[in-house]
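Only one structure is covered here, and it is reproduced in the block below.
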Amino acid sequence: MKTLGQRIRELREKKDLSLREFAKRIGVSAPFVSDIELGRRYPSDKLFEIMANELDVSTEDLRVYDTRPPVEGLKRLTAINPQYAFAFRKVIDKNISPDDIIKFAEKKSKGKKNT
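Numbering (the working numbering), first residue to last: 1 to 115.
See below:
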């Protein structure tokens, strides 16, 4: 699987944008974009949105390639609702695979759209 940086570079080159031009369009420095493409740095949530918009893809298309654990998001969720911590521990204890979690979430999401 490609890394986030590889996907961004692929999309940028597909649009025939130089590193400098892309950086200028999204409001950051060229070295920062280079670091993202090389996997040394990661974009903020806001920059994810800006990059996705500039590359004509959904934010989700880029996030699929972001393999970092969403630690801050998990902390926020568990602070708001401690049941999330219990649920995450259950997932870990039961050795539920990431694919199973994704399938469950997609199935649950489809069920909500149909009601």
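The beta-carbon is built from N, C-alpha and C at its ideal position, and this holds for glycine as well. These numbers were taken from a predicted model, which means no experiment stands behind them.
In the same chain as L55, and ignoring 5 residues on each side of it, the C-beta atoms closer than 6 Å to its own belong to L11, in chain order.
When only Cα atoms are considered, G39 and L4 end up about 7 Å apart.
At a Cβ-Cβ threshold of 9 Å, V33 and F48 do not count as neighbours. In the same chain as S29, and ignoring 5 residues on each side of it, the C-beta atoms closer than 7 Å to its own belong to A23, in chain order. Sixteen is the threshold: when 16 or more other Cβ atoms of the shown chains lie within 10 Å of the Cβ of I36, as they do, the residue is buried.
Around the beta-carbon of I92, fewer than 16 other beta-carbon atoms lie within 10 Å, marking it exposed. For the pair Y42 and D61, the CB atoms are not nearer than the 9 Å cut-off. Going by DSSP, N53 is part of the alpha helix (DSSP H) stretching over 45-54.
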